[in-house]
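Residue numbers (full-length UniProt numbering): 1 to 237.
Data block below; observations after.
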Ligand code: ADP
Ligand code: MG
């Protein structure tokens, strides 16, 4: 069920000049791949292409053996902010991908309630987005992204607008919920510490391409020298 995604000589851009040229990259099934890069390096562009929102000029993107040609409920997205439907309640925002999946009503309600509880929003089901804090809105987005049981979740600086403490809470929540799903995650950030906390591997973008791909050893790995990794990534940014 987990999704592997392969980019084969993919060139991406909007007008004539490519933003990213001839990229080869594999997202391994079930991993958390974190993409870092300075502003304008093409992180969102890459994520849009993985989502099927932007067609490559050249090359192809293959997800689970099929070429990515459009958006799919297999690949859900989480954005930095303002991605919830403002006139819908928390419950109804989370329910949306399940309606699209045409699940039976009872099954749908159960999944929605479970995910609302998992992200710590039980009791807030009937609120509208504008009645929530930034952190709570990102919890709703997370629940909405995962409730439809996607095979991959694509996250574009989802915690970038949050204060430091709320961001740390959300990072813990994300690690926690990911343990129970087998979804593949591609997570964009410009925060190197966030990258090292969440990633199995870090991709550094720069100069129109992939500068490097860095394996992040597990937290209990005695060889884990995160300070050295951190220095390496910062040097490449
Ligand atoms: P990042 O997310 O790393 O900050 P983006 O992927 O948003 O970078 O942008 C990469 C480059 O593509 C930038 O030069 C940006 O100006 C350009 N770009 C982004 N979106 C568009 C668009 N919709 N139309 C034209 N150019 C765009
Ligand atoms: Mg961006």
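Glycine included, C-beta positions come from ideal geometry on N, C-alpha and C.
Keep in mind the model is a prediction, meaning the values are calculated, not measured.
Neighbourhood of residue i by C-beta, 6 Å cutoff - its chain only, sequence neighbours within 5 removed
| i | result |
| --- | --- |
| residue 19 | 12, 13, 42, 45 |
| residue 195 | 34, 36, 189, 202 |
| residue 142 | 119 |
Residue i to residue j span [Cα, whole Å]
| i | j | result |
| --- | --- | --- |
| residue 59 | residue 1 | 25 Å |
| residue 198 | residue 76 | 18 Å |
| residue 25 | residue 207 | 16 Å |
| residue 123 | residue 113 | 10 Å |
| residue 160 | residue 37 | 14 Å |
| residue 22 | residue 7 | 9 Å |
| residue 28 | residue 106 | 34 Å |
| residue 173 | residue 165 | 12 Å |
| residue 234 | residue 89 | 41 Å |
| residue 205 | residue 226 | 20 Å |
| residue 136 | residue 63 | 31 Å |
| residue 134 | residue 216 | 29 Å |
| residue 68 | residue 61 | 6 Å |
| residue 99 | residue 168 | 32 Å |
| residue 116 | residue 91 | 8 Å |
| residue 101 | residue 232 | 43 Å |
Endpoints, the beta strand (DSSP E) within which residue i is located
| i | result |
| --- | --- |
| residue 20 | 18-27 |
| residue 238 | Since the first residue shown for the chain is 1 and the last is 237, residue 238 is missing from the structure and cannot be characterised. |
| residue 13 | 5-13 |
| residue 237 | Unbroken run through residue 237: none, as it is neither H nor E. |
| residue 206 | 201-206 |
| residue 213 | 209-215 |
Member of the options whose CA lies at the smallest distance from the CA of residue i
| i | options | result |
| --- | --- | --- |
| residue 281 | 137, 84, 144, 4 | For residue 281 there is no data in the structure shown, the boundaries of the chain being 1 and 237. |
| residue 129 | 93, 53, 235 | 93 |
| residue 39 | 191, 99, 232 | 191 |
| residue 210 | 5, 35, 150, 135 | 35 |
| residue 146 | 179, 217, 63, 15 | 179 |
| residue 84 | 67, 52, 32, 138 | 138 |
| residue 86 | 132, 218, 104, 101 | 132 |
| residue 218 | 51, 32, 9 | 32 |
| residue 71 | 49, 16, 91 | 49 |
| residue 52 | 152, 102, 228 | 152 |
Chain-order list of residues whose beta-carbon lies under 8 Å from that of residue i (same chain, five-residue window excluded)
| i | result |
| --- | --- |
| residue 57 | 11, 12, 13, 18 |
| residue 252 | This structure leaves residue 252 out entirely; the chain is present only between 1 and 237. |
Close Cβ partners of residue i (< 7 Å) along its chain, the five nearest in sequence each way excluded
| i | result |
| --- | --- |
| residue 182 | 1, 2, 30 |
| residue 47 | 154, 156, 186, 188 |
| residue 213 | 201, 203 |
| residue 150 | 73, 74, 75, 76, 183 |
| residue 80 | 156, 157, 158, 160, 161 |
| residue 236 | 204, 206, 211, 212 |
| residue 96 | 144 |
is_contact[residue i, chain B] using C-beta, thresh 9 Å
| i | result |
| --- | --- |
| residue 121 | Among the protein chains of the structure shown there is no chain B, as only one such chain exists. |
Residues near the ligand ZN, criterion Cβ-heavy atom distance below 6 Å: The model depicted lacks the ligand ZN and carries the ligand ADP and the ligand MG instead.
Complete runs of the beta strand (DSSP E) confined to the segment 29-105 [at least 3 residues]: 32-36, 58-63, 75-78
Segments of 4+ residues assigned as alpha helix (DSSP H) that fall wholly inside the segment 107-195: Listed in chain order, they are 134-147, 164-179.
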